[in-house]
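These protein sequence lines are chains A and B, in that order. For what it's worth, the working numbering labels the leading residue of the first sequence as 1, then goes sequentially. For what it's worth, the working numbering labels the leading residue of the second sequence as 1001, then goes sequentially. Here is the structure we will look at.
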Amino acid sequence: MQSVSVPTPDASAGLLARIAQGDREAFGRFYDAFAGLALGLIRRILRDPAASEEVLQEVFWQIWQEAARYDPHRGSPEAWVVMRAKTRAIDRLRAIRRREKTFVAPVDEAVAIAPDHPMENPGVVAERRGLVRSALDGLPEPQRRVVELAFFEGLTQSEIANRLGEPLGTVKTRARLALERLRSLMKREGTTRA
Amino acid sequence: MNRDEIIELAAGYALGALEVEDRARFEALLAAGDAEARAALRDFESTVADLAAETAEVAPPAVKAALMARIDAEGRSRGSLTQVLSSARPAPARRSLWTVVTVGAMAAGIAAIAVGLIVSTVYDRRISQLAKEQVLLKQELARQEALVTILQDPATRIIALSGLPPAPEARGRMLWHATAGGLLVAQGLPPAPEGKVYELWAIAGKGAPVPAGVFAVDAKGAGSLRVPPLQAGEDLDTFAVTLEPAGGVPAPTGSMYLVGKL
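Pasting the structure below:
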């Protein structure tokens, strides 16, 4: 039922170790496991399919070259890829925004759009997505807004505070509460379904 | 810094939403090995990775193919560098010389110890300089290899670019290979004004122009640009050059100087 199986963190870390040695095949498998995850996030942030695939290529090229820098004590390979994809996409988004202010739809409107994904991954990924969606929906509205503006729109905490007309301290606290709550929501749902 | 503050910073960091100063503060904590900061970040990052699952898509095969082509190109240049290095290695010394060499080396060793620190500093500097040179050589070699590939492959196409009203006498040639990238040579372009550069665009059919790099021209109006492999390499059929702000832009804004269609 699953089209893409996500390897365990240990298995993925093993792939990264082989990539660091220049193992092309390991790189191919790592790409198959994580490129879809990275691309979805990049597209959600950039909303431009061509630019998104360019950023995806940059991200994985960097992984090919810098796999040796992965530190298992800092988190799972999946989290490592997601961080890299997000950082790159947000860098690109900010560059585009600096150059063409009109290019990007107003943020409020953007958040309201729940994008359709014609190329959805069936199986495990879709199930996991359902989990995330219901966890996000389980957040109090103000916390959800902070997560979405930060994570999917690439705004900094000060920018979010300006946008929402809230004090910076409030935004910081909400970001923390939101992630703590998401963590426990996803854990709980994960265990009840397993 | 108290615990709450560390956890707040970790959350903002995992979301990628910290301001520059906060980010620097948190990275300093991580670098110092702060256990609390690391644990909080690890937790939040995995939550954030879970969030990404909401938008997961199918990994595009075209991007994978482009990456593999890049890796292969890199591998070729690595291989040939190794060959160059091994052929440059001196022939082994004859046995009779060996004793002399050993004694000499010991004497040199003793001398080196005597001036220990200075020598090792000099060597460190030299080694790091050599390492830098090696990186540059590798890059240069990879560039040359890719060019040779482009020139040797019958699949390489040559596209003539002709001058448009801002510089009607300008001419260009684009050598384009679908997976290895290409090379642009141009002549007869006016020198770019201060703060401007020429930018090359690649266009597939009716698609939006894809930025393919920026270049300057010399006093004679000649310039060239090595173009890396691009997405949709197979489908690209038009190349154009416009004058743009220094550093280049993601979509063309200035006058077009050269254009050519396959």
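Virtual Cβ for every residue (Gly too), placed ideally from N, Cα, C. Nothing here was measured: the structure is a model prediction, and the numbers come from that model.
Asked: How big is the Cα-Cα spacing for A1056 (chain B) and D32 (chain A)?; Found: 12 Å
Asked: Quick check on V1259 (chain B) - is its C-beta less than 8 Å from some C-beta in chain A?; Found: no
Asked: Quick check: what's the CA-CA separation for A1028 (chain B) versus L1051 (chain B)?; Found: 26 Å
Asked: What first and last residue would you give for the beta strand (DSSP E) that runs through Y1013 (chain B)?; Found: Premise fails: Y1013 (chain B) lies in the alpha helix (DSSP H), R1003 to A1014, not in any beta strand (DSSP E).
Asked: Any idea if T87 (chain A) is buried or exposed, counting beta-carbon neighbours within 10 angstroms, 16 or more meaning buried?; Found: exposed
Asked: I need the DSSP call for V147 (chain A), collapsed to helix, strand or coil.; Found: helix
Asked: Does the region 1163-1170 of chain B come within contact of the region 1228-1237 of chain B, defined as at least 3 CB pairs closer than 8 Å?; Found: no
Asked: Check distances from the C-beta atoms of the region 36-56 of chain A to those of chain B and list, in chain order, the residues that come in under 8 Å.; Found: G36, L37, A38, L39, G40, L41, R43, R44, A50, A51, E53, E54 and L56
Asked: What residues from chain B crowd round G28 (chain A), counting only those whose CB sits closer than 8 Å?; Found: K1064 and M1068
Asked: Between the Cα of G1278 (chain B) and those of B:K1261, B:P1061 and B:F1044, spot the shortest distance and give me the residue it belongs to.; Found: The structure shown does not extend to residue 1278 (chain B), since chain B is modelled only from 1001 to 1262, so the question has no answer here.
Asked: Pull up the CB-CB distance for V1063 (chain B) and L139 (chain A), whole angstroms please, since I reckon it's below 8 Å.; Found: Actually they do not touch by this definition, with Cβ atoms about 33 Å apart.
Asked: Could you give the residue range of the alpha helix (DSSP H) that holds R43 (chain A)?; Found: R24 to L46
Asked: For P1245 (chain B), I'd like the list of residues in its chain whose CB is within less than 7 Å of its CB, leaving aside the five on either flank, ordered along the chain.; Found: G1195 and K1196
Asked: Name the chain A residues that come within less than 8 Å of I1071 (chain B), Cβ to Cβ?; Found: R24, F27 and W64
Asked: 8 Å is my cut-off, CB to CB: does L1243 (chain B) come that close to chain A?; Found: no
Asked: If we call anything under 8 Å between Cβ atoms a contact, is L1030 (chain B) one with A1024 (chain B)?; Found: no
Asked: Exposed or buried, P1061 (chain B), counting other C-beta atoms within 10 Å across all chains shown (16 or more means buried)?; Found: exposed
Asked: Would you list, in sequence order, the uninterrupted beta strand (DSSP E) runs of no fewer than 3 residues that lie entirely inside the region 1118-1185 of chain B?; Found: 1157-1163 and 1171-1177
Asked: Between which two residues does the beta strand (DSSP E) containing P1245 (chain B) stretch?; Found: T1238 to P1245
Asked: Determine the DSSP secondary structure at L1085 (chain B), reduced to helix, strand or coil.; Found: Reliability fails at L1085 (chain B), whose pLDDT of 45 lies under 50, so the model's placement of it is uncertain and no value is given.
Asked: Can you give the Cα-Cα distance for A105 (chain A) and R145 (chain A), rounded to whole angstroms?; Found: Interpretation of A105 (chain A) is limited by its pLDDT of 43, a score under 50 that renders its predicted location unreliable; the figure taken from the coordinates is listed afterwards. So the two alpha carbons sit approximately 17 Å from each other.
Asked: Taking L1243 (chain B) as the reference, which of B:D1218, B:V1214, B:R1226 and B:G1221 has the closest Cα?; Found: B:V1214
Asked: Quick check: is the beta carbon of S1046 (chain B) nearer than 8 Å to any beta carbon in chain A?; Found: yes
Asked: Can you pull out the residues from the region 1146-1163 of chain B whose beta carbon lies closer than 8 Å to at least one beta carbon of chain A?; Found: none
Asked: Are the beta-carbon atoms of A85 (chain A) and L41 (chain A) separated by less than 8 Å?; Found: yes
Asked: For the beta strand (DSSP E) containing A1202 (chain B), list its first residue and its last residue.; Found: K1196 to I1203
Asked: Please decide whether L179 (chain A) counts as near chain B, where near means a Cβ-Cβ distance under 8 Å.; Found: yes
Asked: So, with DSSP's three-state summary, where would you put V1227 (chain B)?; Found: strand
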